[in-house]
Amino acid sequence: MSQHNTVQKDSSSAIAAQTIPQGADPFNQTPDTHLQGAESFSRLKVWNKTGKDNLVRHKSGRYYARVFANGKDVWKSLKTSHYSVAQARLAEFLKEHRQRVSKGGGGKDSSISAKMTFGEAATSHLRDLDDNVKIKPRTRAYYRERLRALEKSWPNLCRIEIRKITSGDCKAWAGRYGRVAAPTNYNNTVALLRHVFAVAV
Numbered sequence: 030m031s032q033h034n035t036v037q038k039d040s041s042s043a044i045a046a047q048t049i050p051q052g053a054d055p056f057n058q059t060p061d062t063h064l065q066g067a068e069s070f071s072r073l074k075v076w077n078k079t080g081k082d083n084l085v086r087h088k089s090g091r092y093y094a095r096v097f098a099n100g101k102d103v104w105k106s107l108k109t110s111h112y113s114v115a116q117a118r119l120a121e122f123l124k125e126h127r128q129r130v131s132k133g134g135g136g137k138d139s140s141i142s143a144k145m146t147f148g149e150a151a152t153s154h155l156r157d158l159d160d161n162v163k164i165k166p167r168t169r170a171y172y173r174e175r176l177r178a179l180e181k182s183w184p185n186l187c188r189i190e191i192r193k194i195t196s197g198d199c200k201a202w203a204g205r206y207g208r209v210a211a212p213t214n215y216n217n218t219v220a221l222l223r224h225v226f227a228v229a230v
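Using our numbering, read the sequence shown as starting at 30 and increasing by one per residue.
Listed below in structure tokens is the structure:
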């Protein structure tokens with residue numbers, strides 16, 4: 030058996046065995062959770078304190094919220110370089126974060142529901158990639174390309190509720206896609222599929 034087929038078989042078996050992974054996203058991301066395990070400010074030399082609790086400034090000028098949940102750093106891009114706007118968005122983020130924690134959500138995005146579709150989860154995952162300053166723009170663009178390939182090879186996937194996607198569905202898709210995709214693209218598309226499933230865990 031060729032190396033290509035061996036890689037595909039292993040990946041297909043792995044994804045079929047577990048439709049929605051119970052572990053963490055390989056990017057170590059959950060909605061509202063970015064740069065988990067980030068290095069110290071002094072080592073990165075790209076962050077600046079603002080004098081306001083939970084608010085830090087990236088060297089690009091963009092502001093980020095930083096809190097702790099379950100012993101881990103939780104980072105959230107506030108999507109602004111204006112201090113006053115960042116303060117307002119930080120207040121809203123902290124309010125939502127406290128509500129999630131008080132309800133036992135551990136900081137997980139309150140927009141996640143049992144009826145979340147694959148498309149909604151994919152949108153959430155891509156938003157997390159955009160917020161993660163450690164991921165290069167080229168990498169973000171590549172995973173968007175992989176999502177388009179996934180949607181093309183699996184018609185109507187984005188409209189299906191994640192809870193209704195079975196291991197058999199994943200195995201059937203992997204078999205079809207593996208016959209036409211290059212090994213690297215195949216493996217990275219499978220990885221993206223797992224990342225999106227992890228959003229809904």
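Backbone N, C-alpha and C fix where the C-beta goes; we use that ideal spot for every residue, glycine too.
Other residues of its chain near residue i: CB distance less than 6 angstroms, five sequence neighbours each side excluded
i	result
residue 91	110
residue 145	191 and 229
residue 43	Residue placement at residue 43 is poorly supported in this model, since its pLDDT is 43, which falls under 50; the coordinates still yield a value, given next. Within the same chain, residue 43 has no close Cβ partners at all.
residue 45	With a pLDDT of 40 at residue 45, under the threshold of 50, the modelled position of that residue is not reliable, and no figure is offered here.
residue 118	107
Inter-residue Cα distance where the pair is residue i and residue j
i	j	result
residue 160	residue 195	30 angstroms
residue 215	residue 204	10 angstroms
residue 201	residue 165	32 angstroms
residue 76	residue 86	6 angstroms
residue 147	residue 182	14 angstroms
residue 175	residue 193	22 angstroms
residue 120	residue 88	22 angstroms
residue 127	residue 79	22 angstroms
residue 158	residue 169	6 angstroms
residue 217	residue 211	10 angstroms
residue 189	residue 223	15 angstroms
residue 94	residue 209	43 angstroms
Segment limits, beta strand (DSSP E) that includes residue i
i	result
residue 78	76 to 78
residue 86	84 to 87
Cβ shell of residue i (< 8 angstroms), same chain only, five flanking positions each side left out
i	result
residue 116	81 and 84
Range covered by the alpha helix (DSSP H) that runs through residue i
i	result
residue 228	212 to 228
residue 199	196 to 207
residue 193	From DSSP, residue 193 is part of no alpha helix (DSSP H); its letter is neither H nor E.
residue 154	147 to 160
Cβ neighbours of residue i in the same chain (closer than 7 angstroms, five flanking residues each side left out)
i	result
residue 187	146, 147, 148, 151 and 180
ask   = Counting pairs of Cβ atoms below 8 angstroms between the segment 110 to 120 and the segment 148 to 156, do you hit three or more?
value = Taking 8 angstroms as the limit for Cβ pairs, the verdict is that the segment 148 to 156 does not touch the segment 110 to 120.
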